[in-house]
Amino acid sequence: MILFPQEQRETSAQTDANVSIHLRVKVCSLDVHPTEKALVVHYEVEATILGELGDPMVGERKECQKIVRLRSLNANTDTSSLARKVVEECRLIHPSKLREVEQLLFYLQNRKQSNVLSFTDNQEKKHISPRDFKPYTGVELDEEASIGSIDEYIELLYEDIQDKIRGATLIFQLARNPDNLEELIQNETVLGALARVLREDWKQSVDLATTIIYVFFCFSSFSQFHGLVTHFKIGALCMNIIEHELKRYDLWQDELQKKKKNQNLKKEHEKSLRKYQSLLIKQEQLLRVALCLLLNLAEDTRTELKMRNRNIVHMLVRLLDREDGDLLLMVVSFLKKLSIFLENKNDMAETLAVEKLAQLVPCEHEELLSTTLRLLLNLSFDTSLRSQMVRASFVPKLSSLLGKSARRQLSMCILYHISMDDRFKSMFADTDCIPQLMKMVFDRGEEKIDVELISLCINLAANKSNAQVMCEGTGLKMLMKRAVKLKDVLVMKMIRNLSQHNGPTKSLFLDHVGDLAAQISEQEAEEFVIECLGTLANLTIPDLDWELVLKEYNLVPYLKNRLKPGSAEDDLILEVVIMIGTVSTDDSCAAMLAKSGIIPALIVLLNAKQEDDEFVCQILYVFYQMVFHEATRDVIIKDTQAPAYLIDLMHDNNAEIRKVCDNTLDIIAECDEEWRNKIRTEKFRWYNGQWLEMVENRQMDETGEPFLYGEDGESFGNRDLLERPDLFYSPDGIISVDGAISPEFCMDFQTMINAVDQCY
627 MILFPQEQRE TSAQTDANVS IHLRVKVCSL DVHPTEKALV VHYEVEATIL
677 GELGDPMVGE RKECQKIVRL RSLNANTDTS SLARKVVEEC RLIHPSKLRE
727 VEQLLFYLQN RKQSNVLSFT DNQEKKHISP RDFKPYTGVE LDEEASIGSI
777 DEYIELLYED IQDKIRGATL IFQLARNPDN LEELIQNETV LGALARVLRE
827 DWKQSVDLAT TIIYVFFCFS SFSQFHGLVT HFKIGALCMN IIEHELKRYD
877 LWQDELQKKK KNQNLKKEHE KSLRKYQSLL IKQEQLLRVA LCLLLNLAED
927 TRTELKMRNR NIVHMLVRLL DREDGDLLLM VVSFLKKLSI FLENKNDMAE
977 TLAVEKLAQL VPCEHEELLS TTLRLLLNLS FDTSLRSQMV RASFVPKLSS
1027 LLGKSARRQL SMCILYHISM DDRFKSMFAD TDCIPQLMKM VFDRGEEKID
1077 VELISLCINL AANKSNAQVM CEGTGLKMLM KRAVKLKDVL VMKMIRNLSQ
1127 HNGPTKSLFL DHVGDLAAQI SEQEAEEFVI ECLGTLANLT IPDLDWELVL
1177 KEYNLVPYLK NRLKPGSAED DLILEVVIMI GTVSTDDSCA AMLAKSGIIP
1227 ALIVLLNAKQ EDDEFVCQIL YVFYQMVFHE ATRDVIIKDT QAPAYLIDLM
1277 HDNNAEIRKV CDNTLDIIAE CDEEWRNKIR TEKFRWYNGQ WLEMVENRQM
1327 DETGEPFLYG EDGESFGNRD LLERPDLFYS PDGIISVDGA ISPEFCMDFQ
1377 TMINAVDQCY
């Protein structure tokens, strides 16, 4: 007896004289299917073995679900009547759930198709369902197959070609229903017979090969049957079939071209063309189902590797020249799956797949376009393939898709990858991409901008031509308004990139200096302040009165406090140093900063960050600016140890640091006699270090007498070599006072003099 108390069903079965099994079914919840017009019933089955006295001995619980498909549900369906019918026919659903079922049906009835499509786009399908295929027109039959007649269908596989086609078609009708697959597997003869016929007769009939591959495709749609399909080597056979059909296609093309060129064969060419078109339809259907089967089997990476070894990528790329939308969709889907592996991606680059994909963007087949864009997104991570995309004019093609919301995100991601390469940034200025992007940014109002959109804008703003387009009209004003009002870090980063370009673009920032300076305070978020400081530091505009800006917004105390090591993140401290370097180009600003005690603070920071080349270079640039102005030169030279640090760093491994040091020390040497001598001595010691080391380490000559020591026994290395009174210049080089000097000394010292001449 089946009962329904509290939405449960219970039943008992007597297994023997002593024990019985008690089953209880409990319905947990109802829900709608995410992609189909169906209800999903979630329930639990609890089985308990009862002893002779009725006490439970063993129990087990299992969670299950049942899908109730509603094929008749459409916009005109009466959901109330359908709900009653569902409750009556599905014994798992308690009558008390009638109202809930009706509400779920109403939701399914009004669910937009776009929602379903978006779900399937986001959730990658592992397999392609057999129901996705329409019956092949060449093998349709009027009779309906029955699982009870399977032996008769097998016998047809041993007759002539037409009977084989009929038998395979009837078996295919059964295989399309997943409920029949288990029973077909239990019949050991059917699959073996199909595999044998396919292996022996696939060249004799395209219809026969297509139908049999359809049957095995139905099995390949389920992972548990992959071993079965592999056992009969259907995958390898499909590879052979695809390879053969590609060769046939090339022969057809050559034959048509020969007849087309020969004017005497014009009628024959037209006849052959009609025949070719008919054969092409059948061939593409065969190729499509073979690729579907292989795509399902490629779930196993070992099987996929075998396919690659058989040049599957080259075959697929050759098929990109076809025009059938369904076949192209399968080819592109297969390439997309393969593209996640480096070896396959390299094969696609070698076969110039990107150039062939260009003809599919844009296209009217929405699903094909979406899959193509996803494939291109996978490939766009490779630098060489991005170059191929640019050569294939993908920048304007993808820009034209930005107006379509369904394809906007994918197109934007690909364009973002292309924009990462400085070589290609300028190409965006010649398309309508930038105006569309700016419109999208402004249309967001106060809402958060999509990461893909603002990231692409940030990259493009780093190019001068793009920056000019972005700043046209009220572009810069609108960006500044949004960034300041919403404290938008990413928009400010974009503005910072815009500010780095010399010319008319930089001049537009004069109207916004005050807004930027007002954001520099300890109350604002560090990330936002970093971008504002970076933007101001880029504004090397002659007409900008930096002294007025520093005073009006009281920036000097903030800049000085932020120079303390550990007072903030390194990125912020670095931007403060760069900002000081920019404002120091102004005489009055340099004097103001010098008086505020910023130079000692910079020296302390230099000691703390001496291992960071970026910090060292920017601090030295500030010293250079201070030395450049007469008003602050004496402060640097006489009141600080900055020149000593410059001398220590003049031979740094970093070329930029050496360059800044040399320029700064040259100015110091021109203005101060004492430091000039120290600088010359240090340069001398550096350029002649090897010779000095040799002199220091020279012990004794062959007679055991001290060699190259002064009268007091002090070595030359401990004196200032430029002040040696006993060495004099002559036309022949250097000689001593008494004219007695060893030949080795002359040779070594002449080498030193040549090096000094090169230095000065």
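In my numbering, the protein residues as written are 627 to 1386.
In this text, a Cβ means the ideal position worked out from N, Cα and C, and glycines have one as well.
Of the residues M1053, T998, M1096 and D1047, the one placed nearest L1063, counting alpha carbons only:
Among M1053, T998, M1096 and D1047, the Cα nearest to that of L1063 is on M1096.
From V1242, G1223 and C1297, residue whose alpha carbon lies closest to that of F1254:
The option with the nearest alpha carbon to F1254 is C1297.
DSSP state of K1065 mapped onto helix, strand, coil
Correct three-state label for K1065: helix.
Just to confirm the assignment: which complete alpha helix (DSSP H) runs, minimum length 4, are found wholly within the stretch 999 to 1048?
For the alpha helix (DSSP H) assignment, the uninterrupted runs of no fewer than 4 residues enclosed by the stretch 999 to 1048 are, from N- to C-terminal side, 1009 to 1017, 1020 to 1026 and 1031 to 1045.
Between the beta-carbon of A1194 and the beta-carbon of E1152, is there less than 8 Å?
Their beta carbons are under 8 Å apart, which means A1194 touches E1152 by this criterion.
For I787, count neighbouring Cβ atoms within 10 angstroms of its own Cβ and tell me buried if that reaches 16, exposed if not.
By the 10 Å Cβ count, I787 comes out exposed.
So R1000 and K962 are in contact, right, with Cβ under 8 Å, and what is the actual spacing, rounded?
Confirmed, Cβ separation roughly 6 Å.
Residues of its chain near V1155, where Cβ-Cβ distance is below 7 Å and the 5 sequence neighbours each way are ignored
The beta carbon of V1155 sits closer than 7 Å to those of Q1145, I1146 and L1198, all from its chain and outside the five residues before and after it, given in chain order.
Is there contact between the stretch 1174 to 1191 and the stretch 1201 to 1214, where contact requires at least three CB pairs shorter than 8 Å?
Contact holds between the stretch 1174 to 1191 and the stretch 1201 to 1214, because three or more Cβ pairs, one in each stretch, are under 8 Å apart.
Whole-angstrom distance between R650 and E726, CA atom to CA atom:
Taking the straight line from one Cα to the other gives about 23 Å.
For A1295, which residues in the same chain have their Cβ closer than 6 Å to its Cβ, ignoring the five residues on either side in sequence?
Only R1302 and I1305 meet the Cβ criterion.
Cβ-Cβ separation, S1125 to T1100 (assumed contact under 8 Å), whole Å:
Wrong, their Cβ atoms sit about 17 Å apart, outside the cutoff.
With distance defined between alpha-carbon atoms, name the residue in E714, Q735 and A709 nearest to N702.
The shortest Cα separation from N702 among E714, Q735 and A709 belongs to Q735.
What does a CB cutoff of less than 7 Å around S831 pick up in its chain, not counting 5 residues either side in sequence?
Once the five neighbours on either side are set aside, the close Cβ partners of S831 are I787 and I791.
Determine the DSSP secondary structure at V987, reduced to helix, strand or coil.
V987 falls in the coil class under three-state DSSP.
Return helix, strand or coil for V1139, following the three-state DSSP convention.
Look at V1139 here: in three-state DSSP terms it is helix.
Is the beta carbon of C864 closer than 8 Å to that of I839?
By the CB criterion at 8 Å, I839 and C864 fall inside the cutoff.
Along the alpha helix (DSSP H) that carries G784, what are the first and last residues, could you check?
Before going further, note that residue 784 is Tyr rather than Gly in the sequence given. Here Y784 belongs to no alpha helix (DSSP H), and DSSP marks it neither H nor E.
Measuring alpha carbon to alpha carbon, tell me which residue in T836, D1114, V841 and L913 is nearest E869.
Proximity to E869 across T836, D1114, V841 and L913 peaks at L913, based on C-alpha coordinates.
CB of L1275 within 8 Å of CB of L1228, strictly
Taking 8 Å as the Cβ cut-off, L1275 and L1228 do not qualify as a contacting pair.
Rounding to the nearest angstrom, what Cα-Cα distance links I907 and S898 in this structure?
Approximately 14 Å, taken between the alpha carbons.
Rounded to the nearest angstrom, what separates L877 and H857 at their Cα positions?
In a straight line, the C-alpha of L877 is about 33 Å away from that of H857.
Between the CA atoms of Q691 and E714 - distance to the nearest angstrom
C-alpha separation (whole angstroms): 18 Å.
Figure out for me which residue from M1053, M1252, E1300 and K893 has the closest Cα to the Cα of G1207.
Per the Cα distances, M1252.
Along the chain, where does the alpha helix (DSSP H) that runs through E1098 open and close?
Careful: E1098 lies outside any alpha helix (DSSP H) and carries neither H nor E.
Environment of V939 [buried if 16+ CB atoms lie within 10 Å]
Result: buried.
Q1149, buried or exposed, once every other Cβ within 10 Å from all chains shown has been counted against 16:
Flag for Q1149 reads exposed.
Quick one: what's got a C-beta closer than 6 Å to I1044's C-beta in the same chain, skipping five residues either side?
Only R1012 and F1050 meet the Cβ criterion.
What residues in its chain sit with their C-beta under 7 Å from that of R934, if we drop five residues either side in the sequence?
E969 and N970.
With a threshold of 8 Å on Cβ separation, who are the neighbours of V987 within its own chain once the five nearest residues in sequence on each side are excluded?
Within the same chain, Cβ atoms closer than 8 Å to the Cβ of V987 are found at L995, T998, L999, L1002, F1020, K1023, L1024 and L1027, the five residues on either side in sequence being excluded.
Please classify F1249 as buried or exposed, where buried requires at least 16 other C-beta atoms within 10 Å of its C-beta.
Around the beta-carbon of F1249, 16 or more other beta-carbon atoms lie within 10 Å, marking it buried.
What number of angstroms, rounded off, separates the C-alpha of D1141 from the C-alpha of D973?
Those two C-alpha atoms are separated by around 53 Å.
Helix, strand or coil, according to DSSP, for E1349 in the structure here?
Low confidence applies here, because E1349 scores a pLDDT of 48, under 50, leaving its location unreliable; read the following figure in that light. In the three-state reduction of the DSSP assignment, E1349 falls in the helix class.
Environment of P1168 [buried if 16+ CB atoms lie within 10 Å]:
Here P1168 is exposed: its Cβ has fewer than 16 other Cβ atoms, across all protein chains shown, within 10 Å.
What residue range does the alpha helix (DSSP H) around P1183 cover?
Per DSSP, P1183 belongs to the alpha helix (DSSP H) from L1181 to R1188.
Return the CA-CA distance between T1290 and G1071, expressed in angstroms with no decimal places.
Computed Cα separation, rounded: 49 Å.
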